[in-house]
Every structure is written in C-alpha cells, then in structure tokens.
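Heads up, the thing below is written out as structure tokens.
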Amino acid sequence: MKKLSPILRSLLIPFSLLYGLIVSIRNLLFDFNILSITEFKIPIISVGNITVGGTGKTPHIEYLINLLKDDYKLATLSRGYKRKSKGFLLADEKSTTNQLGDEPMQIKRKFPEILVSVDRKRVNGVKSLLKSENGNNLDAVLLDDAFQHRSIKAGLSVLLIDYNRPITRDYIMPYGRLRESAHEKDRANIIIVSKSPENMTPIERRIIVKELNLLPYQSLYFTCLNYGNLEPVFEEDAIAISEDWANDNSSILLVTGIANPKPLRKYLENFSDTVEELKFPDHYAFVQKDLDLIQQKYDQLEGENKIIITTEKDATRFFDMQISQDSIRKHLFYIPLRIKFLNDDKSMFDNQILNYVRKNKRTSNLHNIKTDSI
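Taking the UniProt record's numbering, I'd label the letters of the sequence shown as residues 1 to 374.
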C-alpha cells in the first residue's frame, strides 16, 4: 500500500482527534459503570491489541491452548472476522471457514478437542457456551481480539504490542494505527511485546520497559515468532518433501492474504534465490480466478524444484476449496507460526496463567455483575 505524503496525512489529524474523543468517552462510560459490564464465575483470559493489523494474536492464543488443554476443558470465543454466518456458532467437524472465519477455523483444525465458538457479542457468546451441551464441564474461556470489548470483564487481560510498531510512538487512527489511546494499556494485566528480535539486548529491553511505564499490577513479557516445518495443505495429494527441502534450491511462489507478509518473505529468502510473491488483502477469500493466477505464476517459475508456500491462516481457506489444478494440490504447503518467549519469560508467564486458572476454576454457573449486555 502506497504511503500518503506528509501533507495529505496531516489532513487526517482532525478525524483522529474526533475518533479519539469518541473512544475516550466510551471508555469513560465503562469506567464509571454507566455502560454495563458482565462478569462470569469462570476463568476468562482476553488476548487483544491496541494497534490495527497483525500483532500475532492467533499464535499466542494457540500457545495458551497448548499450555492449558491437557488439564482444563477449554473454549475459545472470537468475532469470526469476515465469516458469512451470524450470531453465536459453535464449531463442529462439519464447520467451514466461511461459517467461522479463518482464524477460528485454524484453531478448530489444530485443536479439535476444544470448543471453538464465534459471536460478535461476546457476553452472549460466553452465555451460549455455558449453556451448550459441553458447557457444564468448561473450565476456562479464551477471548480472541477482545481488548476493546469492555462489556465483558476478563479475569486476565493480555495486551499484545508489536515490537516494530511501539504504541508509545504511534497515534490514533486514521492518522496513526491505534484503535484507542496508548494510555489505555493500563487496563491490561499482562503486556507482551511480540515480534521481538530473538537476540534482543538488555539495553533494548530496558528502553521498552521505561517507555511503557508499567503500573505495579502489570507484568511484561517479550516473545518472538518462529517458523515451523512445511506442512502440506492437501496431504493426500502432496509430493514428498524432506525437512531439508531448502537445500534443494527450490523456486518458491509465496501466496499470502495476511496484513504483513514481509517477515515471511524475508525468512524464505534465506533458503532460495527465487521467491516470487502473490499478495492478497488480509483475510482474503480466494476464488477460482485466483487459483488460475496461482497456476499461471507457478508455471512461470524456473527450475525443476518448484513449490508454493502460504501461511497457516491462508491454508484454512484453501482447505475448503474445490481445487482441480493438480500442480497446486501437489505443491501447496504452509508454514506454521509459533511464538517463543525470550530469556526467562516463559516460566514466569506460564506460572502466572496457570495460577490464575487454578485459583479461579469454575465453581458454579455464570454470575453477572450486571445482566444488561452492550
């Protein structure tokens, strides 16, 4: 996307001021209990951000699932961005990306044993989960992208901040990328600086700590992103590929529909001199003409070892498609994305999450501070 000139961008300042005022008034209404907040007698962990665009919410949700799933009955609840369905929906083995949205579908495919649900109204979503067939056994709910959804009170709020886009140096949208003022970070119990460099120096860490100016009740952690091994999108048709595939000097066609594909491209350029790219908008719904374009670009790649690589989120959309192109079905792979905590942060974060869930494990049915929902 082409950047606006400083003059044109400055014209957005009045809109940012107006938007910031509206958001601030809304937050004050919640702060003074004029807008109602609903609380539940079940551990609820919210994972969200202030910045527009990807901060790595889904990999962090998946980390929490892996941490808790062996000992607790879990559910996730998200809006289901760009799904074609409405209202509350609980995923099952027949669910599709169109019904759930790509990120909930990714979680359901990876963790079929947990409850995955979507609802734009989060209070109604939790109530519906607890009333569902397996709701009586539910131990904890993970709310995805819910930092701004203040009508529901999370027992533990996790705020993600992109290392490359510090909120302390950003502005309210549309002039900047912030959904609300940076000082609203004070609502979070845990702040995670995501996408950090793995080799971060102590002085870099101290600078961030100073800029964020944490409150006594807040914990700060740092994570980086790690790419996993290639996985076939269509396992039954895929060509055999070794873990050492990069040494085959493969030509790569990168196909993405995410907010920021630059890190993935940079990663792949470590393994191949030929990385062609097809970029689509975030959460893009692929159609047949896109498959034809992918086929065309794949045929134009040089060399004998050719491969198509996409993200795990994009792969969920390809799973549901009727793809007749044999070469796409054979050569389409995705790279899983995982998070890694820096230094000693992992054990401290794990203990904080586990202690919260253990101490607040559900003991009775839902309890409302106020029954009105927003």
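Ideal Cβ placement from N, Cα and C applies to all residues, glycine included.
This structure is a prediction, so every number in the text was calculated from the model and none was measured.
K297 beta carbon less than 8 Å from that of I239: no
Roughly how many angstroms lie between the CA atoms of V52 and V141, to the nearest whole one? 24 Å
Beta-carbon gap between Q99 and L115 smaller than 8 Å: no
Helix, strand or coil: how does DSSP classify L8 here? helix
Mind reading off the beta-carbon distance from T55 to T316? Whole number of angstroms is fine, and I expect it under 8 Å. No, T55 and T316 are not in contact; Cβ-Cβ is about 19 Å, not under 8 Å.
Measure the Cβ-Cβ separation of N305 and N270 and say whether it is below 8 Å. no
Looking only at its own chain, which residues have a Cβ that is under 7 Å from the Cβ of D162, when we skip the five neighbours before and after it? T51, T55, S194, K195
Output yes or no for whether 8 Å exceeds the beta carbon distance between E302 and I335. no
I'd like the list of long-range same chain contacts for I22, defined as Cβ closer than 8 Å, with 5 residues on each side in sequence excluded. none
So the candidates are R109, I339, T38; which of them puts its Cα closest to the Cα of V233? R109
Please say whether D170 and A154 have beta carbons closer to each other than 8 Å? no
Which residue or residues does DSSP assign as beta-bridge partners of I45? L142, L156
Close beta carbons around I374, own chain, < 6 Å, minus the five adjacent residues each side: Its pLDDT being 33, under 50, I374 is placed unreliably in this model, and the value from its coordinates should be taken loosely. Excluding sequence neighbours, I374 sits near L35, S151.
I'd like to check one pair, P112 with R338: are the Cβ atoms closer than 8 Å? no
Could you check whether the segment 132-146 touches the segment 75-91, counting it as contact only if at least three pairs of C-beta atoms, one from each stretch, sit closer than 8 Å? yes
Could you tell me which residues DSSP pairs with residue 376 in its beta bridges? The first residue shown for the chain is 1 and the last is 374, placing residue 376 beyond what the model contains.
Run of the beta strand (DSSP E) containing N351, from where it starts to where it stops: Careful: N351 lies outside any beta strand (DSSP E), inside the alpha helix (DSSP H) at 345-359.
May I have the straight-line CA-CA distance separating I241 from T310, to the nearest angstrom? 16 Å
Identify every residue that forms a DSSP beta bridge with E172. Per the sequence presented here, residue 172 reads as Ile, with Glu not at that position. Answer by DSSP bridge pairing, in chain order: L178.
Please list, in chain order, all residues of the same chain as L29 whose beta carbon is under 8 Å from its beta carbon, the five residues on each side excluded. L35
DSSP state of I137 mapped onto helix, strand, coil: According to the sequence provided, residue 137 is Asn. The question's Ile does not apply to it. DSSP places N137 in helix when its eight states are reduced to three.
Using DSSP with H/G/I as helix, E/B as strand and the rest coil, what is Y217? coil
Report, in whole angstroms, the separation of the C-beta atoms of R9 and Y221, which I expect to be a contact under 8 Å. Contact flag wrong, Cβ pair sits at about 33 Å.
Could you pull the start and end residues of the alpha helix (DSSP H) that I339 belongs to? Not the alpha helix (DSSP H): I339 falls in the beta strand (DSSP E), residues 337-341.
Mapping DSSP to helix, strand and coil, what is residue 403? Residue 403 lies beyond the range of the chain shown here (1 to 374); nothing can be said about it.
Measure the C-alpha to C-alpha separation of L160 and I192 and round it to an integer number of angstroms. 5 Å
My understanding is that P166 touches E211, with C-beta atoms under 8 Å, so please give their C-beta distance in whole angstroms. 7 Å
List the DSSP bridge partners of P232. F333
Would you mind listing the beta strand (DSSP E) stretches within the segment 277-340 that are 3+ residues and don't spill past its ends, in chain order? 306-311, 332-335
Per DSSP, which one or two residues make a beta bridge with A188? Looking at the DSSP assignment, A188 forms no beta bridge with any residue, so it has no partner.
Going by other Cβ atoms of all chains shown within 10 Å of its Cβ, with 16 needed for buried, is R179 buried or exposed? buried
CA nearest to the CA of N260, picked from P281, I107, I42, V275: P281
Throw me the rounded Cβ distance for the I308 and V255 pair, which I believe falls under 8 Å. 6 Å
Check whether P202 and C224 have beta carbons under 8 Å apart: no
Quick one, which of Y227, P216, D186 has its alpha-carbon nearest N27's? D186
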